[in-house]
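Contents: one structure, followed by commentary.
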């Protein structure tokens, strides 16, 4: 196995190079989903398959939970803005994107791949490793510590014996390149 850092919408591989493209929670973050899907098809061999995952719009956004909004609004502007991956937020969106890029045998399912945070530290570590990290970095260390304490107090009762459940509705589309 060779690992390379490449531009996902301009791959440095010849046509028909791969039997399978597997992309986990990446495609929805790219600036041009259609261009990426067409580029990926270019490097797939005839009959090659693509499988990717995307975050469902039906998910409860972790940091938009009603009990967290009052805490977070003291630190951030929560008015919104463009949603990451909005063009791939439903099963139909994903199937349409694959069809528009000329994939065949297009199918998609939505599954809850949820998980439990064992404790607040797991929850906080995920936030610090997510796209939200950039907003946290802008707060500075003292404000981050203050926010962490406020969130921990707010969520304390939700960490029951099994931890706090986080729904993760994930769309799993697939298709193939014509033979």
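Numbering (this note's numbering), first residue to last: 502 to 680.
Beta carbons are placed, not taken as given, at the ideal position from N, Cα and C, and that holds for glycine.
Identified DSSP bridge partners for residue i
i	result
residue 545	519
residue 551	522, 676
Residue range of the beta strand (DSSP E) that includes residue i
i	result
residue 667	665-667
residue 675	670-677
Pair within 7 Å by beta-carbon distance, residue i and residue j
i	j	result
residue 592	residue 612	no
residue 673	residue 554	yes
residue 675	residue 552	yes
residue 629	residue 609	no
residue 645	residue 577	no
residue 521	residue 513	no
residue 680	residue 547	yes
residue 602	residue 654	no
residue 661	residue 588	no
residue 545	residue 509	no
DSSP three-state assignment for residue i, whether helix, strand or coil
i	result
residue 611	strand
residue 534	helix
residue 649	helix
Alpha helix (DSSP H) segment containing residue i, residue limits
i	result
residue 617	First-last for residue 617: 616-618, but that is the beta strand (DSSP E), not the alpha helix (DSSP H).
residue 621	621-630
residue 636	634-640
Check: residue i C-beta below 6 Å from any heavy atom of the ligand FAD
i	result
residue 509	Of the ligands one can find in the structure shown there are none, so the ligand FAD has no counterpart to examine.
Segment contact, 8 Å Cβ cut-off, at least three pairs: the segment 653-671 with the segment 615-634: Verdict: yes, contact present.
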